[in-house]
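Notes follow the structure.
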Amino acid sequence: MSLDRIPRVRVDFNELVDSELFLLSKTDLVESDDGTCLTLQPGMCVIAFEHNAYEDGAHEYLYVHGTVEENDPSINGEWTRSAKWCCRFTGGVLTSESRV
Numbered sequence: 002m003s004l005d006r007i008p009r010v011r012v013d014f015n016e017l018v019d020s021e022l023f024l025l026s027k028t029d030l031v032e033s034d035d036g037t038c039l040t041l042q043p044g045m046c047v048i049a050f051e052h053n054a055y056e057d058g059a060h061e062y063l064y065v066h067g068t069v070e071e072n073d074p075s076i077n078g079e080w081t082r083s084a085k086w087c088c089r090f091t092g093g094v095l096t097s098e099s100r101v
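Listed below in structure tokens is the structure:
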């Protein structure tokens, strides 16, 4: 699948559950960066990204290619209970100065 066809979803990478899993959404519906409303489903591929703009004018995009999975607080911890969906990724968080 072309990276252009994989939905891009804004996330907060401070919501890491472990080194390969972060909280993605509290609801089934999320908005992609192009404004499309997506219905999350287990196994769905996404590019999750966080955009940071700094006082010096620099921009940073953090991103991962991952797979959506349903959150299980009994495994991921009670603190994750508010999230319905997680995203599992491999290869670490990548950075770029421009949108990917």
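For the sequence shown, this note's numbering assigns the number 2 to the initial residue and increments by one for each residue that follows. Backbone N, C-alpha and C define an ideal beta-carbon position, used for all residues, glycine too.
Limits of the beta strand (DSSP E) - the one that residue i falls within
i      : result
Ser-97 : 95-97
Ser-26 : 22-26
Asn-53 : 46-54
Arg-11 : 9-11
Whether residue i touches residue j by CB criterion (8 Å)
i      : j      : result
Thr-81 : Leu-24 : yes
Thr-96 : Glu-61 : yes
Ala-49 : Cys-88 : yes
Assumed close pair residue i, residue j - CB separation to whole angstroms, cut-off 8 Å
i      : j      : result
Val-18 : Val-47 : About 16 Å separates the two Cβ atoms, so there is no contact after all.
Glu-51 : Phe-14 : 5 Å
Val-12 : Gly-44 : Contact doesn't hold; Cβ gap of about 18 Å is too wide.
Where residue i falls, given that 16 or more other Cβ within 10 Å makes a residue buried
i      : result
Asn-53 : exposed
Cys-38 : exposed
Contacts around residue i, its chain only, beta-carbon distance under 8 Å, and the 5 residues preceding and following it disregarded
i      : result
Met-2  : Because Met-2 carries a pLDDT of 49, less than 50, the predicted location of this residue cannot be relied on, and the following value inherits that uncertainty. The residues are Cys-46.
Thr-40 : Asp-29 and Leu-30
Close beta carbons around residue i, own chain, < 6 Å, minus the five adjacent residues each side
i      : result
Pro-74 : Thr-81 and Arg-82
Asp-34 : Arg-9
N-terminal and C-terminal residue of the alpha helix (DSSP H) that residue i is part of
i      : result
Ile-76 : 74-77
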